[in-house]
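Chemist: Just so it is clear: in the sequence shown, position 216 is 216 by our numbering, and no numbers are missing.
Here's a structure for you.
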Amino acid sequence: MRINVVTIFPEYFSSPLETSLVGKARAAGTLEVVLHDLREHGKGAHRQVDDAPFGGGAGMVMMVEPLADALDPLDETHRVLLTPGGRPLDQDTLDRWATLNDLTLVCGRYEGVDERVAEHFIDEEVSLGDYVLLGGEVGALAIIEGVTRLLTGVVGNPLSTETESFRDGLLEEPQYTRPSEFRGWAVPDVLRSGDHEKVAEWREAQRLGRTRERRPDLLE
Ligand code: J9T
1 MRINVVTIFP
11 EYFSSPLETS
21 LVGKARAAGT
31 LEVVLHDLRE
41 HGKGAHRQVD
51 DAPFGGGAGM
61 VMMVEPLADA
71 LDPLDETHRV
81 LLTPGGRPLD
91 QDTLDRWATL
101 NDLTLVCGRY
111 EGVDERVAEH
121 FIDEEVSLGD
131 YVLLGGEVGA
141 LAIIEGVTRL
151 LTGVVGNPLS
161 TETESFRDGL
171 LEEPQYTRPS
181 EFRGWAVPDV
191 LRSGDHEKVA
201 EWREAQRLGR
211 TRERRPDLLE
């Protein structure tokens, strides 16, 4: 799979793209990430990519022309804009994108992006959640990680991508490993009982209880 990233900060991505399974997937050729420096399409001697908003107000808006120039050659790909005004990113969306050959992630910056970009150059707008960041770069990295782990051969045990949180709409149950007691805090007896049926029942109850308490919206 090839993921294009359009950003004014390509250097932001260097270490995360080298690290862990994303680095391995790139080395193995399972994943290709192409960074597109938006500044190369900036206007004038200062390579300007933003300007004051029509109608007035604080902050700057990313101009349509540099983004159009960057995105025209990528018009055969699925183009995603990271913006707090987008639809919240979820696992189903990552599952869908992981099946694509080409994905393009566009990182907004400043107070916003000229609406004509979203209208004419973008297929989907997504948000990381109900908070504002400085730009879409963290979101692009989240998507790269979330998609990469779904690519064939990247995560060793295929079960581990199927059983975790959100795969069936519930949060994951608590997990424990050795030692069985630490500073007097013991692992729940049932997990050490060897009774697989009891373990499965306990895990299910934990998943439901946790989801009810922390994410009641998922149960609706
Ligand atoms: C400027 O971009 C953001 O602040 C942003 C991007 C994606 N999701 C968010 N929640 C915020």
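Idealized CB from N, CA, C, for every residue including glycine.
Just so you know, these numbers come straight off a predicted model, no measurement behind them.
Does any heavy atom of ligand 1 sit closer than 7 Å to the C-beta of Y12?
Modeler: Here residue 12 corresponds to residue number 12 of the sequence shown, with the count starting at 1. Incorrect: Y12 has no Cβ contact closer than 7 Å to ligand 1.
Chemist: Since I believe V80 is in contact with D123 (beta carbons under 8 Å), could you give me their beta-carbon distance rounded to a whole number of angstroms?
Modeler: By one-based count along the sequence shown, residue 123 stands at place 123. By one-based count along the sequence shown, residue 80 stands at place 80. Confirmed, Cβ separation roughly 7 Å.
Chemist: Leaving out five residues on either side along the sequence, give the residues of the same chain with a beta carbon under 6 Å from the beta carbon of E173.
Modeler: Looking up residue 173 in the sequence shown gives position 173. So the list reads R203, Q206 and R207, once near-sequence residues are dropped.
Chemist: Would you kindly check if the distance between the Cβ of M62 and the Cβ of D50 is under 8 Å?
Modeler: Here residue 50 refers to the residue found at position 50 when the sequence shown is read from its first residue. Here residue 62 refers to the residue found at position 62 when the sequence shown is read from its first residue. In this structure, M62 lies closer than 8 Å to D50 by Cβ.
Chemist: If we call anything under 8 Å between Cβ atoms a contact, is V5 one with L105?
Modeler: Translated into the one-based positions of the sequence shown, residue 5 becomes position 5. Translated into the one-based positions of the sequence shown, residue 105 becomes position 105. Yes; because the gap between Cβ atoms is below 8 Å, this pair is in contact.
Chemist: With 16 as the cutoff for other CB atoms within 10 Å, does L82 come out buried or exposed?
Modeler: In the sequence shown, residue 82 corresponds to position 82, counting from 1. The residue in question, L82, is buried, as its Cβ has 16 or more Cβ neighbours within 10 Å.
Chemist: Considering only their Cβ atoms, is the gap separating D69 from H41 smaller than 8 Å?
Modeler: Your numbering for residue 41 matches position 41 in the sequence shown. Your numbering for residue 69 matches position 69 in the sequence shown. Yes, the Cβ-Cβ distance between H41 and D69 is below 8 Å.
Chemist: Cβ of T83 within 7 Å of any heavy atom in ligand 1?
Modeler: Residue numbering aside, residue 83 sits at position 83 when the sequence shown is read from its first letter. Flag set: Cβ of T83 near ligand 1.
Chemist: Spell out a yes or no on whether the region 145-155 and the region 21-36 are touching, meaning 3 or more CB-CB pairs, one atom from each, closer than 8 Å.
Modeler: Verdict: yes, contact present.
Chemist: Just the C-alpha distance for V34 and E197, rounded to the nearest angstrom, thanks.
Modeler: Your numbering for residue 34 matches position 34 in the sequence shown. Your numbering for residue 197 matches position 197 in the sequence shown. Each residue's Cα considered, the two are about 48 Å apart.
Chemist: Does the beta-carbon distance from V187 to S193 come in below 8 Å?
Modeler: Here residue 187 refers to the residue found at position 187 of the sequence shown. Here residue 193 refers to the residue found at position 193 of the sequence shown. Against a cut-off of 8 Å, the Cβ pair of S193 and V187 comes out as no contact.
Chemist: According to DSSP, simplified to helix, strand and coil, what is H46?
Modeler: Residue mapping note: residue 46 aligns to position 46 of the sequence shown, counting from 1. It is coil, neither helix nor strand.
Chemist: Which two residues bound the contiguous alpha helix (DSSP H) that contains H120?
Modeler: Position 120 of the sequence shown, counted from the first residue, corresponds to residue 120. That run of the alpha helix (DSSP H) goes E115 to F121.
Chemist: In chain order, what residues of the same chain have a beta carbon less than 6 Å from the beta carbon of L94, not counting five sequence neighbours either side?
Modeler: The residue given as residue 94 occupies position 94 in the sequence shown. Counting only Cβ-Cβ distances below 6 Å, and skipping sequence neighbours, we find G146 and V147.
Chemist: Rounded to the nearest angstrom, what separates G209 and L67 at their Cα positions?
Modeler: Counted from its first residue, the sequence shown places residue 209 at position 209. Counted from its first residue, the sequence shown places residue 67 at position 67. Straight-line Cα distance between these residues: approximately 46 Å.
Chemist: So for T148, helix, strand or coil by DSSP?
Modeler: The count along the sequence shown starts at 1 and reaches residue 148 at position 148. In the structure shown, T148 sits in a helix (DSSP, three-state: H, G or I).
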